[in-house]
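Report on one structure; see the data block that follows.
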Amino acid sequence: MARVPIIRVGDTLIATVLEDLHDRDALQLQEDIGAALERTDARGVLLDLTVVELIDSFLGRTLNDVAAGTRLLGAQAVIVGMQPAVAMTLVELGLELKGVRTALNAEKGMALLRRLIAGDETA
Amino acid sequence: MSAEARSPQHRLSIAGEDDIVLARQRARDLARRLGFGMIDQSRIATAVSELTRNVVRYATDKRGEVHLTELRSPDGTAGLEIVVADHGPGIPDVERAMQEGFTSGPGLGMGLPGTKRLMDEMDVDSVVGRGTIVTVRKWRR
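Right under this line is the structure:
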């Protein structure tokens, strides 16, 4: 069962997490994003975590890996919608997700992605 | 330390990855019912996720138990105690395991120290070859 559908809008992939992720769902998401990037030649990935109530060290590390892997595949990743309680907990846990670009919501995330992709093109 | 009242206990078996999710949801539900705020609910659920994952990853038989106990301190403060026990290999050097960056497996090595920061009290009782019992507590402020 796909807990994280990935849709393509223009040159961007949008992945929306719909429920609490098991470890295997997180790993599946990582794999699916990699496969989708290869298949579609997308330039950006927007990962929406609005409904996610918990990010522990495993999921945090996986999100870091998703962002790093996305960059290696020539695209940019932005995580949006992290709940304040989740963000506070992550920091206390010692995981600040330093390698991950984030934005408050999907709209701001899309704007950030546009800038990042434009930066890639002029680089 | 032992003067607090202890009431209903909830026991859960850990036998696989699905139980990590189940245990952290149960802990969050109980924390919410006890009146903990959103951030404390998140801290408690995340601590349970870290501790139960250790069981699934490192315990020899991948099995363990979680006990959730409601506490009431002498001055009336509500609290939640979580005990996670396994019959795994045990931790040879608990002090070292509590240090940042230490890991005995394919993890980030932030499991125990990170969990300690999320909770108010933490006690690790481990015997090599017998298993590990981790007790954490959070008090309502």
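Chains as they are written, first to last, in the numbering used here: chain S, 1 to 123; chain A, 1001 to 1141. By construction, the Cβ of each residue, glycine as well, lies at the ideal position given by its N, Cα and C atoms. As the structure is a computational prediction, the values presented were derived from the model and not from experiment.
Below-8 Å beta-carbon distance, S:ASP23 vs any chain A residue:
For the purposes of this step, residue 23 of chain S is taken as the residue at position 23 of the first sequence. S:ASP23 has a beta carbon lying within less than 8 Å of a beta carbon in chain A.
So, with DSSP's three-state summary, where would you put A:GLY1109?
Against the second sequence, residue 1109 of chain A aligns to sequence position 109. At A:GLY1109, the pLDDT of 45 sits below 50, so the modelled position is not reliable and the matter cannot be decided from this model.
Pairwise C-alpha distance: S:LEU47 and A:ASP1029
Position 29 of the second sequence, counted from the first residue, corresponds to residue 1029 of chain A. Position 47 of the first sequence, counted from the first residue, corresponds to residue 47 of chain S. Between A:ASP1029 and S:LEU47, the C-alpha separation is close to 27 Å.
Straight-line CA distance for S:ILE33 to S:LEU59?
As a working mapping, residue 33 of chain S is identified with position 33 in the first sequence. As a working mapping, residue 59 of chain S is identified with position 59 in the first sequence. About 15 Å.
Between the Cα of S:VAL80 and those of S:GLU31, S:ASP11, S:LEU21, S:THR50, spot the shortest distance and give me the residue it belongs to.
Here residue 80 of chain S is taken as the residue at index 80 of the first sequence, counted from 1. In this structure, S:THR50 is the residue among S:GLU31, S:ASP11, S:LEU21, S:THR50 with its C-alpha nearest to the C-alpha of S:VAL80.
Please classify S:LYS98: does DSSP put it in a helix, a strand, or coil?
As a working mapping, residue 98 of chain S is identified with position 98 in the first sequence. In this structure, S:LYS98 counts as coil in the three-state DSSP scheme.
Which residues in chain S sit within 9 Å of A:GLU1050, going by Cβ to Cβ distance?
Translated into positions along the second sequence, residue 1050 of chain A becomes position 50. Chain S residues near A:GLU1050: ASP56, SER57, PHE58, LEU93.
Euclidean distance between Cα positions of A:LEU1112 and S:VAL9
Indexing the second sequence from 1 puts residue 1112 of chain A at position 112. Indexing the first sequence from 1 puts residue 9 of chain S at position 9. For the pair A:LEU1112 and S:VAL9, the Cα-to-Cα distance works out to about 41 Å.
Can you name, in chain order, every residue of its own chain whose Cβ lies under 7 Å from the Cβ of A:ILE1044, other than the five neighbours on each side?
For the purposes of this step, residue 1044 of chain A is taken as residue 44 along the second sequence, with counting starting at 1. Closer than 7 Å at Cβ, skipping near neighbours: ALA1027, ARG1028, ALA1031, PHE1036, LEU1080, LYS1138.
Do we get a CB-CB distance below 8 Å when we pair A:VAL1055 with the residues of chain S?
Here residue 1055 of chain A corresponds to residue number 55 of the second sequence, with the count starting at 1. Any Cβ of chain S closer than 8 Å to the Cβ of A:VAL1055 would place that residue at the interface, and such an atom is absent.
Throw me the rounded Cβ distance for the A:VAL1066 and A:VAL1094 pair, which I believe falls under 8 Å.
In the second sequence, counting from the first residue as 1, residue 1066 of chain A sits at position 66. In the second sequence, counting from the first residue as 1, residue 1094 of chain A sits at position 94. Wrong, their Cβ atoms sit about 20 Å apart, outside the cutoff.
Look up A:SER1007 in the DSSP assignment and give the residues it is bridged to.
Within the second sequence, residue 1007 of chain A is the residue found at index 7, counting from 1. Under DSSP, A:SER1007 shares a beta bridge with A:GLU1070.
Any chance you could list the alpha helix (DSSP H) runs of at least 4 consecutive residues sitting entirely within the region 31-88 of chain S, in chain order?
57-72
Can you tell me whether A:THR1077 is buried or exposed? The criterion is at least 16 other CB atoms within 10 Å of its CB, across all chains shown.
The residue labelled residue 1077 of chain A in the question sits at position 77 within the second sequence. With fewer than 16 other Cβ atoms within 10 Å, it is exposed.
On a CA-only basis, which of A:LEU1034, A:GLU1050, A:HIS1010, A:GLY1016 is nearest A:ARG1072? Give me that one, please.
Taking the first residue of the second sequence as 1, we reach residue 1072 of chain A at position 72. The residue from A:LEU1034, A:GLU1050, A:HIS1010, A:GLY1016 with its alpha-carbon nearest to that of A:ARG1072 is A:LEU1034.
What residues from the region 1121-1136 of chain A come within 9 Å of chain S, judged by C-beta to C-beta, listed N to C?
none
Give me the Cα-Cα distance between S:ASP56 and A:GLY1114, rounded to the nearest whole angstrom.
By 1-based counting over the first sequence, the position of residue 56 of chain S is 56. By 1-based counting over the second sequence, the position of residue 1114 of chain A is 114. Answer to the nearest angstrom: the Cα atoms are 10 Å apart.
Return the first residue and the last residue of the beta strand (DSSP E) that S:ILE6 is part of.
Stepping through the first sequence from its first residue, residue 6 of chain S is reached at position 6. Its beta strand (DSSP E) spans residues 6-9.
Looking at S:THR89: is its Cβ nearer than 8 Å to the Cβ of A:THR1046?
Counted from its first residue, the first sequence places residue 89 of chain S at position 89. Counted from its first residue, the second sequence places residue 1046 of chain A at position 46. Contact: yes.
Using alpha carbons as the reference points, say which of A:GLN1009, A:LYS1116, A:VAL1127 lies closest to A:ASP1086.
The count along the second sequence starts at 1 and reaches residue 1086 of chain A at position 86. If we check each option's Cα against that of A:ASP1086, A:VAL1127 comes out closest.
Rank A:LYS1062, A:ASN1054, A:LEU1022, A:ILE1082 by C-alpha distance to the C-alpha of A:GLN1009 and give the top, closest one.
Within the second sequence, residue 1009 of chain A is the residue found at index 9, counting from 1. Ranking the options by Cα distance to A:GLN1009, first place goes to A:ILE1082.
Buried or exposed: where does A:SER1007 fall if 16 or more other Cβ atoms within 10 Å of its Cβ makes it buried?
In the second sequence, residue 1007 of chain A corresponds to position 7, counting from 1. A:SER1007 is exposed by the Cβ-count criterion.
For chain A, is any of its Cβ atoms less than 8 Å away from the one on S:MET1?
Counting from one through the first sequence, the residue named residue 1 of chain S turns up at place 1. Here the model assigns S:MET1 a pLDDT of 48, short of 50, so the residue's position is not dependable and the matter cannot be decided.
Could you tell me which residues DSSP puts in a beta bridge with A:ARG1137?
One-based indexing of the second sequence puts residue 1137 of chain A at position 137. A:GLU1081, A:GLU1121, per the DSSP bridge assignment.
By a C-beta neighbour count over all protein chains shown, 10 Å radius and 16 as the cutoff for buried, is A:PRO1106 buried or exposed?
Position 106 of the second sequence, counted from the first residue, corresponds to residue 1106 of chain A. Reliability fails at A:PRO1106, whose pLDDT of 42 lies under 50, so the model's placement of it is uncertain and the value that follows must be treated cautiously. Exposed is the call here.
With DSSP as the reference, please indicate the residues paired to A:THR1060 in a beta bridge.
Taking the second sequence and counting its residues from 1, one reaches residue 1060 of chain A at position 60. None, per the DSSP bridge assignment.
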